[in-house]
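Taken in sequence, the protein lines are chains A and B. Residue 175 in UniProt numbering sits at position 175 of the first sequence, with consecutive numbering throughout. Residue 211 in UniProt numbering sits at position 211 of the second sequence, with consecutive numbering throughout.
Protein chains: 2
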Amino acid sequence: MTIPLDIPLKIGALIFPNMDQCDFTGPFEALARVPNSSFFTIWKEIEPVRDLAGMKLLPDTTIDEAPQLDVLLVPGGYGQEALMHDEAVLSFIRRQAAGARYVYSVCTGALLCGAAGLLQGKRATTHWTAMDVLPLYGAIPSDERVVIDGQFISAGGVTSGIDGSLIVVSLLRGETVAQELQLYMAYDPKPPFQAGSPATAPAPIFEAVMERARTITEQRLATGRAYQASKANA
Amino acid sequence: MTIPLDIPLKIGALIFPNMDQCDFTGPFEALARVPNSSFFTIWKEIEPVRDLAGMKLLPDTTIDEAPQLDVLLVPGGYGQEALMHDEAVLSFIRRQAAGARYVYSVCTGALLCGAAGLLQGKRATTHWTAMDVLPLYGAIPSDERVVIDGQFISAGGVTSGIDGSLIVVSLLRGETVAQELQLYMAYDPKPPFQAGSPATAPAPIFEAVMERARTITEQRLATGRAYQASKANA
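Below, the structure written as structure tokens:
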């Protein structure tokens, strides 16, 4: 059941230092064009946010001043790890989730949602390097590219956020709107190589990328284990 | 022939008001991660640039202060039309092109390159709504998703910039590096609908998107015809 077009929608994204910009900018392309909607880019302060690779984004509003959203987009990237005990951010996610139609995580944004307590018993996905972290937050990991479990929608690594955003649009305003946006975006992808997933990448490519992510993956696992232990003791 | 890894590379993107952010942010994801390279985001002033749908991006440097680049990325979007007679921007593109290894246009960024005089006799592509504009700048239009003609590389609409960026990376640093980035980006796309190109979209979807672009398309054609006429009279 989509939402009647005369009901305006508020859609917003958390952005943060050392995020992966594409987790946000990919979905923005479709989500900011949903008919009869407003889009809010949100961080703690209205100051430039520098992504992992140095892109500078400017938020529209703050986590304290953002309105209740219909859809909250939570991107990921290495910087997610610094927010896993940030109560201001986690309570923002929790508060928004309580009133939102959908929470949509991309990449390791799912781990932030996990730390906020949203993943208990939910099917979810994340970047393939972080898949083993999901169960520590009570989630049931899935290697689908986009997973819908009730109010919680998650997309896998980075560019999967584009696929998921078109699904979110179709849930909000129907398939015709989503298809029109797909055509506007010329989203008829032709990857030049067969290396986009652990299943298709040549083994040395897989090993190199895995190795490069080792430190952050170990941190994410340690943070997840500490979360799990704290819940077991509570 | 790729470039030896010990030779540092400078890669940069022009950004501008009412651009389509995804033409820039999609390619940024891979281009800003090229080993031994620096990335520069460039506009006339170091002030926030607001994209067509309201995303705010902050440039690193200006067209007057940017160094000679090895790769210049030229994105598109409706705002391209306002720059088609902007001599400061066009001479920046011309000057950079004269010293760059590659000029890489995404979407209607190709038209800016055309106005700068770079497309004469070149095979090129652009957003499908603007394909008929290309010949007015002396280009030979192609409906391939990514076109390489010597120093000039062009990608089609919006998301095709991601495909093209991986090709640019492979030209610069080789296929292994490009494949590692593709895996990091989890670029194994699964579009949820078959509507990403004029050839695959249902007819009513095609007509709706075409109709929505009618005004800007007519402007682009008029600008192109005026360019062609000025060259014929020159």
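Note that the Cβ used here is the ideal one computed from N, Cα and C, for glycine as well. If you're wondering where the values come from, they're calculated on a predicted model, not measured in any experiment.
By the rule that beta-carbons nearer than 7 Å mark a contact, B/ILE167 touches chain A. Taking the beta carbon of A/ASP143 as reference, no residue of chain B falls within 8 Å; the closest one sits roughly 11 Å away. Residues of chain B whose Cβ lies closer than 7 Å to the Cβ of A/VAL209 are, in chain order, GLU180, LEU183, TYR184. The beta-carbon of B/TYR78 is placed no less than 7 Å from the nearest beta-carbon of chain A.
With a cutoff of 7 Å on beta-carbon distance, A/ARG50 and A/LYS56 are scored as near each other.
Taking CB atoms only, B/PHE92 has no neighbour in chain A less than 7 Å away. Contact annotation, B/PHE39 with B/ILE3: C-beta distance approximately 16 Å; criterion of less than 8 Å not satisfied. Taking a beta-carbon distance threshold of 7 Å, A/PRO192 counts as an interface residue toward chain B. Of all residues in the segment 50 to 76 of chain B, only ALA53, GLY54, MET55, LYS56, LEU57, LEU58 place a beta-carbon less than 7 Å from a beta-carbon of chain A. Close to A/TRP128, with beta-carbon spacing below 7 Å, are these residues of chain B in chain order: ALA186. Shown here for B/GLN194: same chain residues with a beta carbon closer than 6 Å to its own, the five before and five after excluded, namely THR200 in chain order. By the rule that beta-carbons nearer than 7 Å mark a contact, A/ALA124 does not touch chain B. Judged by pairs of C-beta atoms under 8 Å, the segment 159 to 170 of chain A does not touch the segment 88 to 96 of chain A, as fewer than three such pairs exist.
At least one beta carbon of chain B lies nearer than 7 Å to the beta carbon of A/ILE205. Note on B/GLU218: under 16 other CB atoms within 10 angstroms of its CB, so exposed under the neighbour-count rule.
Proximity of A/CYS22 to chain B, defined by a Cβ-Cβ separation below 7 Å, is satisfied. The criterion of a C-beta distance shorter than 7 Å is satisfied by A/ASN18 and A/LEU52. Short of 6 Å from the beta carbon of B/SER37, and not among the five residues preceding or following it, lie these beta carbons of its own chain, in chain order: LEU9, ILE11. One thing to note: A/ILE42 has its Cβ within 7 Å of the Cβ of A/PRO59.
Within the same chain, Cβ atoms closer than 6 Å to the Cβ of B/THR129 are found at ALA213, THR217, the five residues on either side in sequence being excluded.
DSSP, reduced to helix, strand and coil, places B/LEU73 within a strand of the structure shown. Annotated three-state conformation of A/LEU118 is coil, per DSSP.
Pairing A/ASP163 with A/ARG123 gives a Cβ-Cβ distance that is not under 7 Å. Residues of the same chain with a CB within less than 6 Å of the CB of A/ALA178, apart from the 5 flanking positions on each side, are LEU166, VAL169, SER170 in chain order.
The C-beta of A/ILE7 has fewer than 16 other C-beta atoms within 10 Å across all chains shown, which makes the residue exposed. Taking the Cα of B/GLY54 as reference, the smallest distance to any Cα among A/GLU47, A/ARG33, A/LEU119 is reached at A/ARG33.
In the structure shown, the three-state DSSP call for A/GLY157 is coil. In the DSSP assignment, B/LEU134 falls outside any beta strand (DSSP E), carrying neither H nor E. The criterion of a C-beta distance shorter than 7 Å is satisfied by A/VAL103 and A/ALA97. If you compare the alpha carbons of B/PRO198, B/GLY121, B/TYR187, B/ILE15 with that of A/SER197, the shortest gap goes to B/TYR187.
From the beta-carbon of A/VAL89, no residue of chain B is found nearer than 7 Å; the closest lies around 21 Å away.
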